[in-house]
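Report on the following structure.
Residue numbers (the numbering used here): 56 to 197.
So this is what it looks like as structure tokens:
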């Protein structure tokens, strides 16, 4: 039997579903990910919303605002977007997922590094390593 609280398991499930969807969305074409949120309400209903904007940063900010505005209606959220991570002096492209719920004070920020496929006719991305915890932002719905 697991000692992990059920809410934490549900948040992990939502967070990794968002990360899987993010990878799947660009793995064959290599285009920049359109930021999206995956939210879950009290009935277990999940909703995916994309934030199309001229710049990724604007889409991410719109997603954060929409999540905060809906905090009375959702129990947990995951916000996925494309960005950059610097590790040991090396700049990586990465897919980020910020996730949080009503239970924990802080959320979770994961990053899955990736590299673009190389070759004349190759498009898409290849994940590098495993997803890493890169931050603990405050939960947007607490």
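Glycine included, every Cβ here is placed at the ideal spot set by N, Cα and C.
| Check | Outcome |
| --- | --- |
| So, at 8 Å on beta carbons, what are the nonlocal neighbours of residue 178 in its own chain, with the 5 sequence-adjacent residues on each side left out? | 83, 84, 85 and 172 |
| What are the start and end residues of each continuous beta strand (DSSP E) run of 3 or more residues lying completely inside the segment 116-191, in chain order? | 131-142, 145-156, 163-171, 180-182 and 187-190 |
| Should residue 152 go down as buried or exposed, given a rule of 16 or more other Cβ atoms within 10 Å for buried? | buried |
| Buried or exposed: residue 149, going by 16 or more other Cβ atoms within 10 Å of its Cβ? | buried |
| Specify the secondary structure class of residue 64 as computed by DSSP and reduced to three states. | helix |
| Identify whether residue 74 lies in helix, strand or coil by the three-state DSSP scheme. | helix |
| Closest to residue 186 by C-alpha separation, out of 77, 64, 62 and 63, would be which residue? | 77 |
| Following the continuous beta strand (DSSP E) through residue 103, name the residue where it begins and the one where it ends. | 101-105 |
| Please state whether DSSP places residue 86 in a helix, a strand or coil. | coil |
| Who pairs with residue 94 in a beta bridge, going by DSSP? | 102 and 132 |
| Rounding to the nearest angstrom, what Cα-Cα distance links residue 100 and residue 109 in this structure? | 30 Å |
| Using 10 angstroms around the beta-carbon of residue 91, count the other beta-carbons present and answer buried if the total reaches 16, otherwise exposed. | buried |
| Going by CA-CA distance only, name the one from 169, 160 and 130 that's closest to residue 69. | 130 |
| In chain order, what residues of the same chain have a beta carbon less than 6 Å from the beta carbon of residue 140, not counting five sequence neighbours either side? | 147, 149 and 166 |
| Taking C-alpha atoms, which residue in 65, 74 and 79 lies nearest to residue 98? | 65 |
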